[in-house]
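Novice:
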Amino acid sequence: MERQEQQKASRLVFVLYPSQGHINPMLQLATILHSKGFSITIIHPKFNSPNSSNYPEFTFIPISDNLPESQDSFGDILGIVSALNKNCERPLTECIQQMLKAEDPQDRLSCIVYDSVMHFSQSVADHLKLPGISVRTGPAATMFAFAVCPRLDEQESMSLDGKSDLLSLLLKELAFSMKKFTAHGLLEFRAAVTDSVQRCSALIFNTVDFIEQEALTKVQELFSASAFTIGPFHKLAPTISSSLLKEDSHCISWLNKQAPKSVIYVSFGSIASIDEKELLETAWGLANCEQPFLWVVRPGLVRGSNCLELLPINFQDSVGERGCIVEWAPQKEVLANDAAGGFWSHCGWNSTLESICEGIPMLCRPFFGDQNVNRRYVCDVWNVGLELEEFERGKIEKAIKTLMVDTEGEEMRKKATHLKEKVGLSLKEGGSCYNSLNDLAEKILSFRP
Ligand code: UDP
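Pasting the structure below:
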């Protein structure tokens, strides 16, 4: 069969983990592989269902997740992860069994491509004798950390012999930030992810070789499956929105009126929350910094509240046209706008990649998990950002000024531009990501010829 025909005859089943920072890269990856000729079925828990109408060429199948309806979605992340891994195993198995029964030789199921957080998918793949591909939507460093540190919370007693300074630093970051989760659930989760990766047929990373070289080398030493670094996925997939909240695009017309590189964009992603005092300190820090700002104040940013009501009544008056507040922004478009000059971020991996791909320096305020690792990459490894230590108006004002107008910030902007160019080259024909994507397509075609 000709290559192109064979790809058309190959269907990939994607299994999503239902949070914004995971749905986005998984749908981007599906779009990339679809553009390579593969057919796509997206299987997702009912909770936080993606909007299928934006992807008319994919087949979407919701499966039962048995999560309680009224839950506060991200109050207990590990609890949700654990419940999904238990509750979805049977529905996923049954769903794929049905697909296999109805299989047409012109549309064969090639493999299961799953978010590494949904580690049970590898057991389903093994049971059905299908290859499984694990996708790490976060940095490769975390995959390495999970494997070598069964108990990151006991980091002090763990030997870091033989590990480089950078990696031991990253491991410590992860250990520190994970302390708030219960040790037992975390231990189980890390072991389960590592176990599934040990059995998978390939690994895909949303990263570029040169930005995470050390971690990727370690991953390849630890796991026998080939690793493909084809990302940043969002640069390879056309901009199709997979937002769970409605994007408010009026901020783009506001941005279009601002001077080049003058706007500080502020967003803490889809999960992180702050308290009322931190919201007010942020508001006054932004009011006092004298820079134009675009601030995403999503519902629930202060848990249990519609945060806009918490802003001081005189706030909008005191900032006037200099400030634009939205509940959810078209973030990639915002960062690509000429007016964007800095990103105050929680350092989620997607936000980090989206920022460096546009050459935007960052003000980092990580909250938990890999965000601390990402902060370390941004501030100490790539040198394209600085850290905000505290939600305090004076510190916020000073940090924004350093990033946006001081020579220190100017240096970071230059490095960020350089980083953007290097990432761009890796995506071009002959670049490492370009080659890796072609290798991945070949690998998938070899699974069920
Ligand atoms: N995002 C967006 N609009 C917003 C805020 C965030 O579209 O107002 C997107 C952002 O572009 C990114 C994702 O939501 O793709 C957040 O993922 P990330 O890994 O940065 O953080 P998480 O939400 O998982 O903490």
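The working numbering puts the sequence shown at residues 1 to 449. Glycine included, every Cβ here is placed at the ideal spot set by N, Cα and C.
#1: Roughly how many angstroms lie between the CA atoms of Arg376 and Thr93, to the nearest whole one?
#2: Can you tell me the Cα-Cα spacing of Ile96 and Cys111, whole angstroms?
#3: Which ranges would you report for the alpha helix (DSSP H) in the stretch 340 to 399 if only whole runs of at least 4 residues count?
#4: Is the beta carbon of Tyr434 closer than 8 angstroms to that of Lys443?
#5: Kindly examine the ligand UDP and report whether one of its heavy atoms sits closer than 7 angstroms to the Cβ of Ser19.
#6: Under three-state DSSP, which class holds His127?
#7: Hey, would you say the C-beta of Pro330 is under 7 angstroms away from at least one heavy atom of the ligand UDP?
#8: Between which two residues does the alpha helix (DSSP H) harbouring Arg413 extend?
#9: Kindly list the residues whose CB is nearer than 7 angstroms to the CB of Leu357, restricted to its own chain and excluding five residues on each side of it in sequence; keep chain order.
#10: Determine the direct distance from the alpha carbon of Glu103 to that of Val373, and round the result to whole angstroms.
#11: In three-state DSSP terms, what is Val113?
#12: Which same chain residues end up closer than 6 angstroms to Thr59 when comparing Cβ atoms and leaving out the 5 residues on each side of it in sequence?
#13: For the candidate residues Phe120, Leu311, Ser432, Gly138, whose alpha-carbon lies nearest to that of Cys200?
#14: Once DSSP output is grouped into helix, strand and coil, what is the label at Ser35?
#15: Assuming Cys200 is part of the alpha helix (DSSP H), what are its boundary residues?
#16: Put Pro312 into one of helix, strand or coil per three-state DSSP.
#17: Decide if Glu408 is buried, meaning its Cβ has at least 16 other Cβ atoms within 10 Å, or exposed.
#18: At what residues does the beta strand (DSSP E) containing Ile264 begin and finish?
#19: Across which residues does DSSP place Cys324 in a beta bridge pair?
#20: Could you check whether the stretch 47 to 61 touches the stretch 295 to 303, counting it as contact only if at least three pairs of C-beta atoms, one from each stretch, sit closer than 8 angstroms?
#21: Residues in the same chain with beta-carbon distance under 8 angstroms from Ile264, minus the five sequence neighbours each way, listed in chain order, please.
#22: Using the beta-carbon count (16 or more within 10 Å), is Lys172 buried or exposed?
#23: Are the beta-carbon atoms belonging to Ala145 and Leu186 less than 8 angstroms from one another?
#24: Please list the terminal residues of the continuous alpha helix (DSSP H) segment that includes Gly285.
#25: Helix, strand or coil for Ala259? Go by DSSP, reduced to three states.
#26: Out of curiosity, what's the CA-to-CA distance linking Gln213 and Gln220?
#27: Can you tell me the Cα-Cα spacing of Ala339 and Met412, whole angstroms?
#28: Using CA atoms only, rank isn't needed, just tell me which of Thr282, Ile63, Phe367 is closest to Ile396.
#29: Hey, Phe228 and Val197: beta-carbon distance below 8 angstroms or not?
#30: On the premise that Asp107 lies in contact with Ser39, defined as a C-beta separation below 8 angstroms, what is that separation, rounded to the nearest angstrom?
#31: Would the C-beta of Val297 count as close to the ligand UDP, meaning under 7 angstroms from any of its heavy atoms?
#32: Report all residues from its chain with a CB closer than 8 angstroms to the CB of Ala83; omit the five preceding and five following residues, and keep chain order.
#33: Tell me the rounded alpha-carbon separation between Val117 and Asn314.
#34: Scan the stretch 43 to 72 and note each continuous beta strand (DSSP E) run of 3 residues or more that stays entirely inside, going in chain order.
#35: With respect to 7 angstroms, is the separation between the Cβ of Asn337 and the closest non-hydrogen atom of the ligand UDP below this value?
#36: Can you tell which of His418, Lys277, Val296, Pro18 has its C-alpha closest to the C-alpha of Leu310?
Specialist: The relevant details are as follows:
#1: Counted from its first residue, the sequence shown places residue 376 at position 376. Counted from its first residue, the sequence shown places residue 93 at position 93. Straight-line Cα distance between these residues: approximately 39 angstroms.
#2: For the purposes of this step, residue 96 is identified with residue 96 of the sequence shown, where counting begins at 1. For the purposes of this step, residue 111 is identified with residue 111 of the sequence shown, where counting begins at 1. Between Ile96 and Cys111, the C-alpha separation is close to 10 angstroms.
#3: 349 to 357, 371 to 376
#4: To locate residue 443, count along the sequence shown from 1; it is residue 443. To locate residue 434, count along the sequence shown from 1; it is residue 434. No, they are not a contact pair.
#5: Taking the first residue of the sequence shown as 1, we reach residue 19 at position 19. The answer is yes for Ser19.
#6: As a first step, residue 127 must be located in the sequence shown, where it is residue number 127. Of the three classes helix, strand and coil, the one that applies to His127 here is helix, per DSSP.
#7: Mapped onto the sequence shown, residue 330 falls at position 330. Within the cutoff, so yes.
#8: For the purposes of this step, residue 413 is taken as residue 413 along the sequence shown, with counting starting at 1. Taken as a continuous stretch (DSSP letters only), the alpha helix (DSSP H) holding Arg413 covers 407 to 427.
#9: As a first step, residue 357 must be located in the sequence shown, where it is residue number 357. Just to set this straight, residue 357 is Cys in the shown sequence, not Leu. Only Pro232, Lys235, Lys420, Val423 meet the Cβ criterion.
#10: What you label residue 373 is simply residue 373 of the sequence shown in a count that begins at 1. What you label residue 103 is simply residue 103 of the sequence shown in a count that begins at 1. In a straight line, the C-alpha of Val373 is about 43 angstroms away from that of Glu103.
#11: Start at 1 with the first residue of the sequence shown, and residue 113 comes out as number 113. The answer is strand: DSSP assigns Val113 an E or B state.
#12: Stepping through the sequence shown from its first residue, residue 59 is reached at position 59. Taken in chain order, the residues that qualify are Thr41.
#13: Here the question's residue 200 lines up with position 200 in the sequence shown. Minimum Cα distance to Cys200 is reached at Phe120.
#14: As a first step, residue 35 must be located in the sequence shown, where it is residue number 35. Of the three classes helix, strand and coil, the one that applies to Ser35 here is helix, per DSSP.
#15: Counted from its first residue, the sequence shown places residue 200 at position 200. Per DSSP, Cys200 belongs to no alpha helix (DSSP H) and is neither H nor E.
#16: Within the sequence shown, numbered from 1, the residue matching residue 312 stands at position 312. Three-state DSSP puts Pro312 in coil, outside helix and strand.
#17: As a first step, residue 408 must be located in the sequence shown, where it is residue number 408. Looking at its Cβ environment, which holds fewer than 16 other Cβ atoms inside 10 Å, Glu408 is exposed.
#18: Residue numbering aside, residue 264 sits at position 264 when the sequence shown is read from its first letter. It spans 263 to 267 - the beta strand (DSSP E) in which Ile264 sits, taken as one unbroken run.
#19: Indexing the sequence shown from 1 puts residue 324 at position 324. BP columns for Cys324 point to Leu294.
#20: no
#21: Residue mapping note: residue 264 aligns to position 264 of the sequence shown, counting from 1. Closer than 8 angstroms at the Cβ level, and outside the excluded window around Ile264, lie Leu286, Cys289, Gln291, Pro292, Phe293, Leu294, Gly341, Gly342, Phe343, Trp344, Leu363, Ile400, Leu403, Met404.
#22: Counting from 1 along the sequence shown, the entry for residue 172 is found at position 172. By the neighbour-count rule (16 or more Cβ atoms within 10 Å), Lys172 is buried.
#23: Residue 145 sits at position 145 when you count from the first residue of the sequence shown. Residue 186 sits at position 186 when you count from the first residue of the sequence shown. For Ala145 and Leu186, no; Cβs fall outside 8 angstroms.
#24: Counting from 1 along the sequence shown, the entry for residue 285 is found at position 285. Where Gly285 is concerned, the enclosing alpha helix (DSSP H) stretches over 276 to 288.
#25: Position 259 of the sequence shown, counting from 1, holds the residue named residue 259. Coil, per DSSP.
#26: Here residue 213 is taken as the residue at index 213 of the sequence shown, counted from 1. Here residue 220 is taken as the residue at index 220 of the sequence shown, counted from 1. For Gln213 and Gln220, the distance between alpha carbons rounds to 11 angstroms.
#27: By one-based count along the sequence shown, residue 339 stands at place 339. By one-based count along the sequence shown, residue 412 stands at place 412. Distance between the alpha carbons of Ala339 and Met412 is about 17 angstroms.
#28: Within the sequence shown, the letter at position 396 stands for residue 396. Comparing Cα positions, the closest option is Thr282.
#29: As a position in the sequence shown, residue 228 is number 228, starting the count at 1. As a position in the sequence shown, residue 197 is number 197, starting the count at 1. Contact: no.
#30: Locating residue 39 in the sequence shown gives position 39, counting from the first residue. Locating residue 107 in the sequence shown gives position 107, counting from the first residue. Their Cβ separation, rounded to whole angstroms, is 6 angstroms, which keeps Ser39 and Asp107 in contact under 8 angstroms.
#31: Here the question's residue 297 lines up with position 297 in the sequence shown. Answer for Val297: no, Cβ out of range of the ligand UDP.
#32: Counting from 1 along the sequence shown, the entry for residue 83 is found at position 83. Asp65, Asn66, Leu67.
#33: Looking up residue 117 in the sequence shown gives position 117. Looking up residue 314 in the sequence shown gives position 314. Going by the C-alpha atoms only, they are around 44 angstroms apart.
#34: 59 to 63
#35: Translated into the one-based positions of the sequence shown, residue 337 becomes position 337. No, since every heavy atom of the ligand UDP falls outside the 7 angstroms radius drawn around the Cβ of Asn337.
#36: Position 310 of the sequence shown, counting from 1, holds the residue named residue 310. Of the candidates His418, Lys277, Val296, Pro18, the one whose C-alpha sits nearest the C-alpha of Leu310 is Lys277.
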